[in-house]
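Its first residue numbered 1, the sequence shown is counted upward by one per residue in UniProt numbering. Heads up, the beta-carbon is just placed ideally off N, CA and C, and yes, glycines get one too. Worksheet for the structure shown next.
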Amino acid sequence: MIAIRKMEEKDIMQVWELMKDLATYEGYIDTFAITPKLLKQEILEKKLANCLLADSDGEVVGILVYFYQFYTAQHKPYMHMKELIVKEGFQGQRIGTQLFEKAKEIAKVNNCWSIKWTVADWNEKAKVFYKRQGAEEDRTWINYTYQIDNSSE
């Protein structure tokens, strides 16, 4: 039985392991800077983000990390989904769908006008999953990144 719930302190190590798995899969493990301590501080204490998880008898088998972003055009926030991963061996059991459905419920309760996220252009598996959820690819905007040089710190 899978239970979808918010992350608690007892889940931090398992959530962190899944985040590392995603960093490996997406190719940024060399720059992965999240630590269990940061997860506790940023999500549980400062509440800068939220983490839903799929719990299978105490084992964290999936996570969905999100935060809210103010949007001026609609004068409503949107939910920005940052991470969604289901543990290998548990994929294909609708766990990702359950996490996404819960995120949709939370977004609606919080008066969000949409949920947004990015997907690596090579990640066809994710694209298929999101289209199955009813999402549409938005090619209206192009993402830009400006890297801040913090090397002097």
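message = For THR97 and GLN74, I'd like the C-alpha separation in whole angstroms.
response = In this model, THR97 and GLN74 are separated by some 27 Å (Cα to Cα).
Length of the line joining the Cα atoms of ILE29 and LYS131 = CA-to-CA, the gap between ILE29 and LYS131 works out to about 27 Å.
query = Excluding sequence positions up to five away, which residues of its chain have a Cβ less than 6 Å from the Cβ of ALA23?
reply = ILE29, PHE32.
query = Under 8 Å, do ARG5 and ASP57 count as touching if we go by C-beta distance?
reply = With respect to the 8 Å criterion, ARG5 and ASP57 are not classified as neighbours on the basis of their beta carbons.
message = Tell me the residue span of the alpha helix (DSSP H) that contains TYR130.
response = Taken as a continuous stretch (DSSP letters only), the alpha helix (DSSP H) holding TYR130 covers 124-132.
task = Reducing DSSP to helix, strand and coil, say where LEU99 ends up.
result = Looking at LEU99 - three-state DSSP - the assignment turns out to be helix.
query = Which same chain residues, not among the five before or five after GLN69, have their C-beta less than 7 Å away from its C-beta?
reply = For GLN69, the CB contacts under 7 Å within the same chain, skipping 5 residues up- and downstream, are PRO77, TYR78, HIS80 in chain order.
ask   = Measuring CB to CB, does PHE90 end up less than 8 Å from VAL61?
value = Their beta carbons are under 8 Å apart, which means PHE90 touches VAL61 by this criterion.
message = Among CYS112, LEU99, TRP141, whose alpha-carbon lies nearest the alpha-carbon of THR118?
response = If we check each option's Cα against that of THR118, TRP141 comes out closest.
key: For GLU83 and LEU99, the rounded distance between their alpha carbons   = Straight-line Cα distance between these residues: approximately 11 Å.
request  = Run through the UniProt domain "N-acetyltransferase" (2-151) for me and flag every whole alpha helix (DSSP H) of 4 or more residues, listed as ranges in chain order.
outcome  = Qualifying alpha helix (DSSP H) stretches, in chain order: 12-26, 36-39, 95-109, 124-132.
Beta-carbon spacing of LEU38, LEU52 below 8 Å = Their beta carbons are not under 8 Å apart, which means LEU38 does not touch LEU52 by this criterion.
task = Would you check if the distance between the CB atom of GLU8 and the CB atom of LYS40 is smaller than 8 Å?
result = A distance of 8 Å or more separates the beta carbons of GLU8 and LYS40.
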